[in-house]
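Line by line, the protein sequences are chains V and X. Numbers given in my numbering equal positions in the first sequence, counted from 1, plus 737. Numbers given in my numbering equal positions in the second sequence, counted from 1, plus 737. Quick reminder that beta carbons are idealized off the backbone N, C-alpha and C, glycines included.
2 protein chains.
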Amino acid sequence: MPKKVTRQGLPPLDWLKVFEAAGRHGSFTAAAEEFGATQAAVSQRIRNLESWLGRQLFIRSARGVSLTVDGESYLPLVHDSLRALEQGTENLFGHSVRELRIAAQPSHLEMLLLPRLTVFSENYPDMRIVTETVPKRQDFEAADRALHIRYGRGVWDRREGVLLANEVLQPMTAPEHAKAWRSLPAIELRGERPGWSEWARVTGEGEPEMGPVSVDSMGHALRAARLGIGVVLGSRALASSLLQTGQLECVAAPELATIDGYWMTWPASLGKSKRQAEVLASLTAALQNL
Amino acid sequence: MPKKVTRQGLPPLDWLKVFEAAGRHGSFTAAAEEFGATQAAVSQRIRNLESWLGRQLFIRSARGVSLTVDGESYLPLVHDSLRALEQGTENLFGHSVRELRIAAQPSHLEMLLLPRLTVFSENYPDMRIVTETVPKRQDFEAADRALHIRYGRGVWDRREGVLLANEVLQPMTAPEHAKAWRSLPAIELRGERPGWSEWARVTGEGEPEMGPVSVDSMGHALRAARLGIGVVLGSRALASSLLQTGQLECVAAPELATIDGYWMTWPASLGKSKRQAEVLASLTAALQNL
DNA sequence: CTTCGGCATTAGAAAACCTAACTCTCAAAC
DNA sequence: GTTTGAGAGTTAGGTTTTCTAATGCCGAAG
């Protein structure tokens, strides 16, 4: 009637991870820190293991713990076995485990991702971020196993996703022209975003004089504005880091909110394990941070 | 903010046990049986592992599963590592893990334990039972790490225990004399148990004629009765297997219940782990079985 | 003889896990 | 071409395990 025979002769292996760490450090507290858990958790797991084996592995004293003879004999075996597993796992799956592929248009990579990446990297120092530049919309399909950062309404097949920020457009210029922006020529941005005339219509403002410059990407538009070429109807989200560093400035004029936004999406198969979910959550948090 | 970093680069190891079994069998169902769990449990753990690693390990088809290239590469590593751990654990701790030391008086070992041991051994085929004969009461203290089977009222220091059976005394003879037992001489049993006079007092029966034989252990008394030497005030519990095989027979006379009983006890440190608790429960069940 | 670092212990909360019941798919048998 | 059956996937919900937070305890160092 023995019900949960895991495998004859092997204790629950996760206890061994803890034993190994505790033995290596000679301290339950240190081991607990290594795992990001509490000292009590380590204490209990060790006790379980000792109980399972029917022998003490540690000698407890007020100043810390030290291994018993049994523990001393057991540690190398456990250490080596775990090391072998870790090493082999790393060799075979290391790439997929510690690599995050992110596909996006070049300007999104530059203006949304890169400025916020350091926050994430501090939390996950040895996670590699691999970007894949997507020149055109339809090229996203080729990168269907990667994370996507893209502009739209948040409906994509077979993908989960979160909204990073809604698109909010507002006139922006180089700081030195912010006061007298009305005298600047407007920069035209072609594409799916509402333009100056829509802005004028919705806000009731007068439409500014169009200048000679017309670009087809928000990245170029913002750069042009930064150079003092004119006033641009810029994206709050994309301009965020330029605004924060004072390279651009919002002028005193109403904004135009849209229903579109910047989304991060990933294949539904991702994020199922706790580890991945945490990584995703951390990245999301970093990117949503304004 | 990564909270539960177990150990960078190692998946939860218990998933690997399942992977190894599934890979070995080429079947989730078979693996589930090996663990005494359901197929769904295996399916989920494998999925978790695959998700953690970011790669598929099995190819599912309606007829079963087979390893992918990744799985094929991973299996030997996992197999060997687990094998090494299992082997080493067995070498170091095998004795304490698969050995059950049972201390008791010789007659208890013979009449209580041995007849019921096969039931237990069927459930735990590779558990070694090591008996330690205890000639005298006080010798139990020397075997304080072993299980004890002993007669008394169930109060022992630092030990947990369960009552196997209360002591119930009843006149018994060899089967051929059971009818005419009144004409047989009574066998005297010296010791802590109530004797014939107590039996006569409590039940109101006439006290039988005492014969010439007087013994100091229940084992001897029962053996004497079996040989036709006389009628004995026998212990139901100890005589149980003799009664079942027809070597002894209870006569038609009232029984005498006592408040003493046969107890199994163990050091409080034992039975803390699930595995041990199950083993103990199984042994207890076997011994309580009449 | 007090303090302080480190472990044990506990109850209760949180997470992980398992099972039961169901579905889906394919192959083999009819 | 249907039927059947084995085996895997999927869920929701209950159960077990594990973790945390709080507290107690011990002994070494001041």
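**Report entry** Candidates Ala-1023/X, Leu-1007/X, Ser-1019/X and Ser-920/X, of which the one nearest Leu-786/V by Cα
**Finding:** Nearest C-alpha to Leu-786/V: Leu-1007/X.
Query raised in the report: Mind pulling the alpha helix (DSSP H) runs of 4 or more residues that sit fully within the region 920-1007 of chain X?
Result: 933-940, 955-963 and 973-981
Query raised in the report: Residue range of the beta strand (DSSP E) that Gly-763/V falls in?
Result: Unbroken run through Gly-763/V: none, as it is neither H nor E.
Query raised in the report: Cβ of Asp-751/X less than 8 angstroms from any chain V Cβ?
Result: yes
**Report entry** Residues of the region 823-834 of chain X with Cβ closer than 8 angstroms to any Cβ of chain V, in chain order
**Finding:** Shown in chain order are the members of the region 823-834 of chain X whose Cβ falls below 8 angstroms from a Cβ of chain V: Glu-823, Gly-825, Thr-826, Glu-827, Leu-829, Phe-830, Gly-831, Ser-833 and Val-834.
Query raised in the report: What is the DSSP secondary structure of Gln-793/X, counted as helix, strand or coil?
Result: coil
Query - Short CB-CB distance (under 8 angstroms) between Ala-821/V and chain X - result: yes
**Report entry** Range covered by the alpha helix (DSSP H) that runs through Asn-860/V
**Finding:** 851-860
Requested in this report: Would you list the residues sitting across from Gly-801/X in a DSSP beta bridge?
Outcome: Ser-798/X
Query raised in the report: Could one say the Cβ of Asp-807/V lies closer than 8 angstroms to chain X's Cβ atoms, at least one of them?
Result: Flagged as an interface residue toward chain X: Asp-807/V, by a C-beta distance shorter than 8 angstroms.
Query raised in the report: Between Arg-960/V and Ala-915/V, what straight-line distance do the alpha-carbon atoms span, to the nearest angstrom?
Result: 15 angstroms
**Report entry** Assigned secondary structure, Gln-781/X (DSSP; H/G/I helix, E/B strand, else coil)
**Finding:** helix
Requested in this report: Measure the alpha-carbon distance for Glu-869/X versus Ser-844/X and round it to whole angstroms.
Outcome: 12 angstroms
Query raised in the report: In three-state DSSP terms, what is Met-909/V?
Result: Three-state result, Met-909/V: strand.
Query raised in the report: Secondary structure at Asn-1026/V, three-state DSSP: helix, strand or coil?
Result: The DSSP-derived three-state label of Asn-1026/V is coil.
Query - Contacting positions in the region 784-795 of chain V - beta carbon closer than 8 angstroms to chain X - result: Arg-784, Asn-785, Ser-788, Trp-789, Leu-790, Gly-791 and Arg-792
Query raised in the report: For Lys-754/V, does the count of other Cβ atoms within 10 angstroms reach 16, so buried, or fall short, so exposed?
Result: buried
Report task. Determine the chain X residues that contact Gln-1013/V at a beta-carbon separation under 9 angstroms, and present them in chain order. Result -> Within chain X, the residues near Gln-1013/V are Ser-788, Trp-789 and Gly-791.
Requested in this report: Helix, strand or coil for Val-892/X, going by three-state DSSP, please let me know.
Outcome: coil
Query - Residue-level contact to chain V via CB, Met-738/X, 8 angstroms cutoff - result: Residue confidence for Met-738/X is low, a pLDDT of 43 falling below 50, so the modelled location carries little weight and cannot support an answer.
**Report entry** Contact check, Gly-943/V vs Ala-923/V, beta carbons under 8 angstroms
**Finding:** No, they are not a contact pair.
Query raised in the report: Nearest CA to the CA of Ala-774/X: which residue from Ala-758/X, Gly-763/X and Trp-789/X?
Result: Taking only the C-alpha atoms, the option nearest Ala-774/X is Ala-758/X.
**Report entry** Those residues which DSSP pairs with Ala-841/X across a bridge
**Finding:** DSSP, once it has assigned bridges, lists Thr-870/X and Ile-886/X as partnering Ala-841/X.
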